[in-house]
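Residue numbers (this note's numbering), protein chains in the order written: chain A, 1 to 115; chain X, 1 to 115.
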């Protein structure tokens, strides 16, 4: 079946602009996660959604970052007023349930470059 | 809270030689342990995982990892590497209790297989 998809695959933006990154999880997966992969910090957790429950935003680095998940499926990560330190690969993952034993399946990522 | 340390950022090894990629973790609770692999320009793929039971887990492509609770380690090994194993490998940990869903990753080890 189809895996996790993300769009765009690459995004170049100017400092100060807003960007939206999209994630389509695997059909039937109720849990959705966003991570960030950057050279200096490695892989960092950003935000977690479980079904229609309130998300865990504890990993978001600043209030310029926000995310939503519509209808318990597609998710959008928005970064406002982008800064150069936001340059990274943003990875989305989904799992069948939030039970920790369930595997997280990762998408190919969106490479964000802020110039 | 958990943390993961991958002691080697880069490991060069000749083709058909054995390799060990080291991973140590710290956690105040019981954990599940994972190894993910990231091939060049691709997303993260689960290589193997330890949830419970036998402390030695194997992947379909010849890798194995052993959970050592006393040493808080989950080292990844392969007796004979191939060129196609060239990739970055990430060790990750997740709490096994209810409400645990966030993966905490090590900073990765780049395995380069030399012909």
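The C-beta atom is built at its ideal place from N, Cα and C for all residues, glycine as well.
Cβ neighbour criterion (16 or more within 10 Å) applied to residue i
{"i": "residue 81(A)", "result": "exposed"}
{"i": "residue 100(A)", "result": "buried"}
{"i": "residue 106(A)", "result": "buried"}
{"i": "residue 25(A)", "result": "buried"}
{"i": "residue 18(A)", "result": "exposed"}
{"i": "residue 2(A)", "result": "exposed"}
{"i": "residue 78(A)", "result": "exposed"}
{"i": "residue 89(X)", "result": "buried"}
{"i": "residue 71(A)", "result": "exposed"}
{"i": "residue 132(X)", "result": "Residue 132(X) cannot be examined here, being either before or after the span of chain X that is shown, 1 to 115."}
{"i": "residue 9(A)", "result": "exposed"}
{"i": "residue 39(X)", "result": "exposed"}
{"i": "residue 65(X)", "result": "buried"}
Limits of the unbroken beta strand (DSSP E) element including residue i
{"i": "residue 12(X)", "result": "10-14"}
{"i": "residue 66(X)", "result": "64-68"}
{"i": "residue 93(A)", "result": "88-95"}
{"i": "residue 76(A)", "result": "75-79"}
{"i": "residue 91(X)", "result": "87-95"}
{"i": "residue 110(A)", "result": "110-114"}
{"i": "residue 42(A)", "result": "42-50"}
{"i": "residue 81(X)", "result": "Note, residue 81(X): premise wrong, no beta strand (DSSP E); not H, not E."}
{"i": "residue 51(X)", "result": "Note, residue 51(X): premise wrong, no beta strand (DSSP E); not H, not E."}
{"i": "residue 60(X)", "result": "Neither: residue 60(X) is in no beta strand (DSSP E) and is coded neither H nor E."}
Of the listed residues the options, nearest to residue i (C-alpha basis)
{"i": "residue 95(A)", "options": "10(A), 45(A), 8(A), 50(A)", "result": "50(A)"}
{"i": "residue 13(A)", "options": "84(A), 30(A), 109(A)", "result": "84(A)"}
{"i": "residue 52(X)", "options": "115(A), 86(A), 102(A), 113(A)", "result": "102(A)"}
{"i": "residue 122(X)", "options": "15(X), 76(X), 26(X)", "result": "There is simply no residue 122(X) to check, as chain X begins at 1 and stops at 115 in what is shown."}
{"i": "residue 67(A)", "options": "46(A), 42(A), 5(A)", "result": "46(A)"}
{"i": "residue 67(X)", "options": "83(X), 79(X), 91(X)", "result": "91(X)"}
{"i": "residue 1(X)", "options": "102(X), 107(X), 110(X), 109(X)", "result": "102(X)"}
{"i": "residue 54(A)", "options": "36(A), 69(A), 42(A)", "result": "69(A)"}
{"i": "residue 73(A)", "options": "9(A), 8(A), 22(A), 61(A)", "result": "22(A)"}
{"i": "residue 61(A)", "options": "34(A), 16(A), 5(A), 75(A)", "result": "34(A)"}
{"i": "residue 115(X)", "options": "29(X), 16(X), 8(X), 41(X)", "result": "16(X)"}
{"i": "residue 87(A)", "options": "98(A), 115(A), 104(A), 97(A)", "result": "115(A)"}
{"i": "residue 147(A)", "options": "109(A), 52(A), 11(A)", "result": "This structure cannot speak to residue 147(A), because chain A is shown only from 1 to 115."}
Integer Cβ distance of residue i from residue j, believed to fall under 8 Å
{"i": "residue 64(A)", "j": "residue 89(A)", "result": "Residue 64(A) to residue 89(A), Cβ: 18 Å. No contact."}
{"i": "residue 81(X)", "j": "residue 37(X)", "result": "Not confirmed; about 12 Å, so no contact."}
{"i": "residue 107(X)", "j": "residue 31(X)", "result": "With 8 Å as the limit, residue 107(X) and residue 31(X) do not qualify as a contact, their Cβ atoms being about 18 Å apart."}
{"i": "residue 42(A)", "j": "residue 105(X)", "result": "6 Å"}
Residues, ordered as in the chain, of the stretch 77-104 of chain X that lie near chain A by beta-carbon distance below 9 Å: 90, 92, 94, 95, 96, 97, 98, 99, 100, 101, 102, 103, 104
Residues within the stretch 98-113 of chain A neighbouring chain X, beta-carbon criterion of under 7 Å: 98, 100, 101, 103, 104, 106, 107, 108, 109
Residues, ordered as in the chain, of the stretch 33-56 of chain A that lie near chain X by beta-carbon distance below 9 Å: So the list reads 33, 35, 37, 41, 42, 43, 44, 45, 48, 50, 56, given in the order they occur along the chain.
Selection of the stretch 11-26 of chain A by Cβ proximity to chain X, strictly under 9 Å: So nothing in the stretch comes that close.
Residues in the stretch 43-58 of chain X having any Cβ partner in chain A nearer than 8 Å: So the list reads 43, 44, 45, 46, 49, 51, given in the order they occur along the chain.
Within 8 Å of chain X by C-beta, residues of the stretch 64-78 of chain A in sequence order: none
Chain X contacts made by the stretch 78-92 of chain A, where a contact means CB separation under 8 Å: 91
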